[in-house]
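Asks:
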Amino acid sequence: MLFDSHAHIDDNRFDTDRDETIQRAVQNGVKGIINIGADMASSARSVELASRYEEIYAAVGIHPHDAKDAIDSDYEMMARWVAKEPKIVAIGEIGLDYYYDWSPRDVQQAVFIRQIDLARQLGKPIIIHDRDAHGDLLTIVKKEAQGMTGVFHCFSGSLEMAQEVIRLGFYVSFAGPVTFDKSVKVKEIAAAVPLDRLLVETDSPYLTPNPYRGRRNEPAHVRFVAEEIARLRNLPLEAVAEATTANVRQLFRI
Ligand code: NI
0 MLFDSHAHID DNRFDTDRDE TIQRAVQNGV KGIINIGADM ASSARSVELA
50 SRYEEIYAAV GIHPHDAKDA IDSDYEMMAR WVAKEPKIVA IGEIGLDYYY
100 DWSPRDVQQA VFIRQIDLAR QLGKPIIIHD RDAHGDLLTI VKKEAQGMTG
150 VFHCFSGSLE MAQEVIRLGF YVSFAGPVTF DKSVKVKEIA AAVPLDRLLV
200 ETDSPYLTPN PYRGRRNEPA HVRFVAEEIA RLRNLPLEAV AEATTANVRQ
250 LFRI
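Residue 179 in numbering that gives the first Met the number 0 sits at position 180 of the sequence shown, with consecutive numbering throughout.
1. Quick one: which unbroken beta strand (DSSP E) runs of 3-plus residues sit fully inside the stretch 21-98? Chain order, please.
2. Closest to D68 by CA distance: which of I139, D38, H152 is it?
3. DSSP has A149 in a bridge; who is on the other side?
4. Got a sec: is the Cβ-Cβ distance from M76 to anything in chain C below 8 Å?
5. Roughly how many angstroms separate the alpha carbons of K184 and L158, rounded to a whole number?
6. Would you call S72 buried or exposed, if buried means 16 or more other Cβ atoms sit within 10 Å of its Cβ?
7. One question on the structure: do V59 and I90 come within less than 8 Å of each other, judged by their Cβ atoms?
8. Compare the C-alpha of N216 against each of L1, L48, D96, H7 and name the closest.
9. Please report how far the alpha carbon of A240 lies from the alpha carbon of R23, in whole angstroms.
10. Counting C-beta neighbours from all protein chains within 10 Å, is the total for T244 16 or more, i.e. buried, or is it exposed?
11. Kindly give me the distance between the Cβ atoms of I115 and H152, rounded to whole angstroms, as I take these residues to be in contact under 8 Å.
12. Taking all protein chains shown into account, decide if W101 is buried (16 or more other Cβ within 10 angstroms of its Cβ) or exposed.
13. Can you tell me whether DSSP reads L136 as helix, strand or coil?
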């Protein structure tokens, strides 16, 4: 019983076999998938997938890459979607990406803060994207998201940062990179964070875990992420699967 807490199966790389991909996930013990929006178009597709497939839940949000294109009516549209579709479980993915810097940093920050605000108004958790922006990101979360909850997806910070994030009431999620030999730091953190704050994800079609690295990722592969975390923690796979699924249900009220 696994739950893929972060996937983009609305991506056009699934256009020819989306039904089969979802079926394969179910056959591999994946009980649910949260499909994540990254701009208004993919958020709309997320909502549509959630209404069409029983196993799929949706998040809507504007990724820092697309922050430069956000307009006022986008926030109203997201609020309308949430009011209409109970399977929208979060605002995301939102955050900061200073690795690519596809939007100016001040714009990324403003759009991030405005979506935190929206999530607070709507009573939803947030799904956070953080790439090379740990300092500013934590500053904003501490100031703007007090009393809120959510998840740091594909966690890439230090152990100290993970501990702080957990103290603030957030969860941390791990994806394919935890299976790579050179991800020593990520493995250490995945072994150390409390089991009741841990999520697993694929970020399909990206971040494909071993042994399928280099190919398109899909939600069925979330088991390789869970297996590696189970190995690192010296636990049976079932224990990690059960705990991470329970955490998803708790965080996203599914
Ligand atoms: Ni993503």
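A virtual CB, placed ideally from N, CA and C, is assigned to each residue, including glycine.
Quick caveat: nothing in here was measured; it's all calculated off a predicted structure.
Replies: Checking against the coordinates, here is how it stands:
1. Runs of the beta strand (DSSP E) lying entirely within the stretch 21-98 and spanning at least 3 residues, in chain order: 29-35, 55-59, 87-96.
2. Looking at the Cα atoms, D38 is the closest of the given residues.
3. This sequence places Gly at residue 149; Ala is not what is there. BP columns for G149 point to I125.
4. Among the chains in the structure shown there is no chain C, since it carries only a single protein chain.
5. A direct Cα-Cα distance of roughly 8 Å separates K184 from L158.
6. Label assigned to S72: exposed.
7. Cβ distance < 8 Å, so V59 and I90 count as in contact.
8. The closest CA to that of N216, considering only L1, L48, D96, H7, is found on H7.
9. In this model, A240 and R23 are separated by some 17 Å (Cα to Cα).
10. Counting Cβ neighbours within 10 Å, T244 comes out buried, since at least 16 surround it.
11. Actually they do not touch by this definition, with Cβ atoms about 15 Å apart.
12. Residue burial annotation: W101 is exposed, with fewer than 16 other C-beta atoms found within 10 angstroms of its C-beta.
13. Reduced to three states, the DSSP call for L136 is helix.
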